[in-house]
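Under our numbering, think of the first position of the sequence shown as 762, with each following residue one higher. Just so you know, even glycine gets a beta-carbon here, dropped at the ideal spot from N, CA and C. As the structure is a computational prediction, the values presented were derived from the model and not from experiment.
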Amino acid sequence: MKRLYELTVKEALELLESKEITARELVQSCLDRIEEMEPTIHAFLLIIKEEALKAADQIDMKRTKGEPLGKLAGIPYSLKDVYSTKGYTTTAGSKMLEGYIAPYNATVVEKLAKEDAILIGKTNCDPFGFGSSTENSAYGVTRNPLDTDRVPGGSSGGSGAAVAYGGGLFSIGEDTGGSIRCPAAFCGIVGLKPTYGRVSRYGSIAYASSYDTVGPMTKDIYDNALILSVIAGKDTRDATTSAEKVKPYHQALDLSLKGRKVGVVKEYLGDGVDEEVKKAINQAIEVYKSLGCEIVEVSLPYTEYAIAAYYVIGISEASSNLARMDGIRFGHEANVDDWKDKIIKTRGEGFGPEEKRRVMVGTYALSTGYADKYYHKAQQVRAILKDDILKAFKKVDILLTPTMPVLPPKIGENTDDPLKMWLMDAFTVTINPVGVPALALPAGNTKDGLSVGMQLIGPHFKEDTLYNFAYLYEKSIKDTLN
Ligand code: GLN
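As structure tokens, this is what we get:
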């Protein structure tokens, strides 16, 4: 018998509906688990106990009375600390926003509250999403529950670790260039970067506005699809959201894949990819063959320019977004009278080394005289990357790649080498400049009990196709995972 914090959302909902368990018991189980694990893992920046238990009691009472309940009634979840929450701190993992309390809720928070999901905490992350390991957080590192000497990935590393150890049944992460998929891969869970504009960004602290996406991190595919169906949709407060119909993503998972085409990108299995990762991807290819799929080799020849283009545009946008952190409106404020000195000192004190690095490089790339050479050139590469990927979808239904080229590094292994850290993102950063959806899921395990992640990439708004392919894969290998 599973302990309650080990349940998936689907299993928990069934037990809640049949009144075999109460929301209070479920929330309490996750809170106890958090208390047990946090001294080692440090996934959370804020734990919401009393209010979560109160919300659970209200839901239990409504259920007893037979009153109508939301689709996620009583399900405890965590939220990356980049989403605004009325009444609770939102730090974005940076000292700059220490103690900041937003006056409103992000749309994703509102949507989950409407369906009676229960927020139990806010999770650690690299500041403003800047990182791939959660080691840049101003509030200390998060450890990987699968091996506590290793990083959980980033920047949504707190969310990845929390879901993996049972600190809530799901989490909401944010993905600008891999921040949902990387921790999903390293922690052995499922994470979706939805199509740009599928989920509202309103109330999300911006990293790079033309890349940022909001997505679910869950224990399995069904849960991921269910949560997406709740949080997706047009939002009048985010003009970039799409009016494209929201599908019941969790209801068409089992369709036959016979004759469907899986593209394997040859550039993504070359040098620099760990042998264990290659082995897991080859196993995935065999599974898809056995499900009746045709495997097609695909080339994305411009991949080698993706990291450079992604980072130039990403940090250019970041430098502009971070200009609002001036000590006057938000968070940290240096104790200086002169207004100009105040801004300089506030930013000097509030930003850590990674934020400073990005603001400086981004400002440089946007400055007169250099913008053509860097920013505009990167935008041209972005157009080519988009062309490359969209062309591939004329030949195949989905693309299959590793999520990360490597296994989770040891804590501290890459911290002195920011370039090495950035290069780890090779397979995830290509996606955000193009805007298509990408789903990270466990492909298999290594002999040491680590997880290897694979990434399924689909055309714009084809999240349902990704879930279908992922669900049948998950079903085929379930018994081999730990
Ligand atoms: N690691 C990437 C970066 O640092 C992606 C981050 C993200 O998706 N927020 O830019």
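Nearest in C-alpha terms to Leu777, of all of Ala863, Ser894, Ala878 and Leu858, is Ala878. Per the coordinates, the alpha-carbon of Gln819 lies some 50 Å from the alpha-carbon of Val1034.
Tyr1135 and Ala1070 have their C-alpha atoms spaced approximately 8 Å apart. As for any beta strand (DSSP E) of minimum length 3 sitting wholly inside the segment 963-1021, the runs are 974-979, ordered along the chain. The Cβ atoms of Cys948 and Pro906 sit closer than 8 Å to each other. Counting only runs of 4 or more residues that sit fully inside the segment 846-900, the alpha helix (DSSP H) segments are 868-875, in chain order.
DSSP, reduced to helix, strand and coil, places Arg911 within a strand of the structure shown. Taking the Cα of Ile862 as reference, the smallest distance to any Cα among Ile795, Thr1129 and Thr850 is reached at Thr850.
Ile1042 is positioned such that its CB atom lies no closer than 8 Å to that of Leu1184. In the same chain as Ser1077, and ignoring 5 residues on each side of it, the C-beta atoms closer than 6 Å to its own belong to Gly1123, Ala1126, Leu1127 and Tyr1136, in chain order.
Separation of Gln1140 and Ser971 (C-alpha to C-alpha, rounded to the nearest whole angstrom) is 12 Å.
In the DSSP assignment, Ser932 is bridged to Ser839 and Met978.
DSSP lists Gly952 and Gln1216 as the bridge partner or partners of Ala1201.
Put simply, the backbone Cα of Gly1075 is about 9 Å away from that of Pro1194. Runs of the alpha helix (DSSP H) spanning 4 or more residues and lying entirely within the segment 1079-1121 occur at 1100-1111, in chain order. Between Gly952 and Val870, the C-beta gap is not smaller than 8 Å, which leaves the two residues out of contact. Judged by DSSP secondary structure, Leu807 falls within the beta strand (DSSP E) whose first and last residues are Phe805 to Ile808. Straight through space, the alpha carbons of Lys1147 and Ala816 are spaced by roughly 45 Å. Taking non-hydrogen atoms of the ligand GLN into account, the C-beta of Glu896 is found less than 7 Å away from none of them. Under the 10 Å beta carbon count, Asp1032 is surrounded by fewer than 16 other beta carbons and is classified as exposed. DSSP places Leu1160 in no alpha helix (DSSP H) but in the uninterrupted beta strand (DSSP E) bounded by Ile1159 to Pro1163. By a beta-carbon distance limit of 8 Å, Gly958 does not contact Thr997. Their separation comes to about 13 Å. Counting along the chain, the unbroken beta strand (DSSP E) around Glu1055 starts and ends at Glu1055 to Val1059. For Asn1175, no alpha helix (DSSP H) run applies, since DSSP gives it neither H nor E. Inter-segment contact for the segment 910-922 and the segment 878-894 is present: three or more beta-carbon pairs are separated by less than 8 Å. With 16 or more other CB atoms across the displayed protein chains lying within 10 angstroms of its CB, Arg911 is buried. Taking each of Leu1083, Ser1003 and Gly901 in turn and checking the Cα distance to Phe1091, the smallest one comes out for Leu1083.
Within 7 Å of the C-beta of Gly892 there is at least one heavy atom belonging to the ligand GLN. Closest option to Tyr926, judged by alpha-carbon separation, among Arg764, Asp1099 and Ser1081: Arg764.
Distances from the CB of Gly1075 to the heavy atoms of the ligand GLN include at least one below 7 Å. Gln1012 counts as exposed, since fewer than 16 other C-beta atoms from the protein chains shown sit within 10 angstroms of its C-beta.
Between Ala899 and Gly854, the C-beta gap is smaller than 8 Å, which places the two residues in contact.
Placement of the Cβ of Gly927 at a distance of 7 Å or more from every heavy atom of the ligand GLN is found.
Taking the Cβ of Gly938 as the reference point, at least one heavy atom of the ligand GLN falls within a distance shorter than 7 Å. For Ser1080, the closest of Phe891, Ile1192, Glu772 and Tyr1066 by C-alpha to C-alpha distance is Phe891. With a cutoff of 7 Å, Asp1186 counts as near the ligand GLN, since its C-beta is closer than that to a heavy atom of the ligand.
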